[in-house]
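Q:
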Amino acid sequence: NAGVTQTPKFQVLKTGQSMTLQCAQDMNHEYMSWYRQDPGMGLRLIHYSVGAGITDQGEVPNGYNVSRSTTEDFPLRLLSAAPSQTSVYFCASSINGARQPQHFGDGTRLSIL
Amino acid sequence: GENVEQHPSTLSVQEGDSAVIKCTYSDSASNYFPWYKQELGKRPQLIIDIRSNVGEKKDQRIAVTLNKTAKHFSLHITETQPEDSAVYFCAALGQGAQKLVFGQGTRLTINP
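Going down the list, the sequences are from chains A and B. Whatever position you read off the first sequence (first residue = 1), add 373 for my numbering. Whatever position you read off the second sequence (first residue = 1), add 330 for my numbering.
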């Protein structure tokens, strides 16, 4: 049982580049979410999903897109990377609610130059 | 909106002693209060949570208490061990805004 799997673990981008952060869970959880964590701070919700085909914005959605074509996968896309998006990104799943994260992936450490 | 204050920001205790971390919240309608542990460079881990209809919850060496009247909740770790060293975050979910607001974190160090 792998839980929540994120790839890649590290990435360096140039300003203006785009990329997709992958997230997959094998627990059949309906709720999935993406958070970013900046140094010394808690988590901030970017986007979330309450089930396949349903997504919504969190508190800091600008510059990011998500999709949820299957229960298992919830990729996060950076449209045009900016230095302000340098952060650690965590994907999470839950059986209780999108704003009640239970299981987190290992994170993606993203640097935008 | 909801505001969560967490204290202390750092806490150092001797191995075997107890550690207590406190959080206060502002939204009286908040109904879900999780605690996360995050070791350096690792993922957050949900270690315990409590809902507004319960005053206390325990899981082995970890307990959380909730005082709705005073709007504060606390994490209690007994018989601390070196592996308890980490940053601990509290959070509160506002019923109205449905926003999970995090505290600033407490860096707990267990001294052998």
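Ideal placement from N, C-alpha and C gives every residue a C-beta, glycine not left out.
Identify the residues that DSSP records as bridge partners of residue 450 of chain A: which are they?
A: A:393, A:438
Q: Give the residues of chain B in contact with residue 432 of chain A, contact being defined as C-beta atoms less than 8 Å apart.
A: 429
Q: Pick helix, strand or coil for residue 458 of chain A, following the three-state DSSP scheme.
A: The answer is helix: DSSP assigns residue 458 of chain A an H, G or I state.
Q: Quick check on residue 452 of chain A - is its C-beta less than 8 Å from some C-beta in chain B?
A: Chain B, which has no Cβ nearer than 8 Å to the Cβ of residue 452 of chain A, makes this no.
Q: Residues of the stretch 345–365 of chain B in Cβ contact with chain A at a cutoff of 8 Å, in chain order, please.
A: 362, 364
Q: Between the Cα of residue 429 of chain A and the Cα atoms of B:429, B:379, B:440, which residue gives the shortest distance?
A: B:429
Q: Which residues of chain B have a Cβ atom closer than 7 Å to the Cβ of residue 398 of chain A, listed in chain order?
A: None at all; the shortest Cβ gap to chain B is about 13 Å.
Q: Given this structure, state the Cα-to-Cα distance separating residue 396 of chain A from residue 379 of chain A, to the nearest angstrom.
A: 5 Å
Q: Helix, strand or coil: which one does DSSP assign to residue 413 of chain B?
A: Helix.
Q: Can you have a look at residue 425 of chain B and say buried or exposed, based on whether 16 or more other CB atoms are within 10 angstroms of its CB?
A: exposed
Q: At the 8 Å Cβ level, is residue 374 of chain B part of the contact set with chain A, yes or no?
A: yes
Q: Return helix, strand or coil for residue 433 of chain A, following the three-state DSSP convention.
A: Collapsing the DSSP output to three states places residue 433 of chain A in coil.
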